[in-house]
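This report concerns only the one structure given below.
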Amino acid sequence: MQESTQKKYHVADFAQIEGTACPCGTARRAFADVDDFPGTLHVTEISETAELHYHRKLTETYYFLECGEDAQMQLDDEIIPVHAGMSIVIPPGVRHRAIGTMKIINIVFPKFDPADEWLD
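Per the UniProt record's numbering, the very first residue in the sequence shown carries number 1; after that it's consecutive.
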């Protein structure tokens, strides 16, 4: 019997992933190249200058790791306070932006596509 040398799991070391500029700040994105995982996982450092944007196809789930004082999220026309330990599901079409500095985990389904970032 021949043993498979292909691993059945995937590891991402975010310290080794280069940051990419995005409307929110800087994102480190993992698992885009994993065929059997239908999404991507991001660690994003959000700056004070995050831009209002939306996605036509992507659903994002933010999990807040760290938040500056008075951190908030704009979701369409509503602004809500956020803090570390909270999570928000942002379906396609919801205009959103972070207000204040924060660090989040962002779980994106389907896989992140930079062509699906829309600014007003």
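A virtual CB, placed ideally from N, CA and C, is assigned to each residue, including glycine.
Nothing here was measured: the structure is a model prediction, and the numbers come from that model.
Rounded to whole angstroms, what is the Cα-Cα separation between residue i and residue j?
{"i": "residue 92", "j": "residue 53", "result": "11 Å"}
{"i": "residue 100", "j": "residue 36", "result": "35 Å"}
{"i": "residue 95", "j": "residue 76", "result": "5 Å"}
{"i": "residue 83", "j": "residue 48", "result": "15 Å"}
{"i": "residue 39", "j": "residue 24", "result": "19 Å"}
What does DSSP give as the partner residues of residue i in its beta bridges?
{"i": "residue 112", "result": "Paired residues: none, contrary to the question."}
{"i": "residue 87", "result": "63"}
{"i": "residue 44", "result": "27 and 104"}
Going by Cα to Cα distance, which pick from the options is closest to residue i?
{"i": "residue 8", "options": "15, 28 and 34", "result": "34"}
Given a threshold of 16 other Cβ atoms within 10 Å of its Cβ, counted over all protein chains shown, does residue i qualify as buried or as exposed?
{"i": "residue 64", "result": "buried"}
{"i": "residue 80", "result": "exposed"}
Below 8 Å on the Cβ atoms is my contact criterion, and I expect residue i with residue j to pass it. Report the Cβ-Cβ distance as a whole number of Å.
{"i": "residue 26", "j": "residue 45", "result": "5 Å"}
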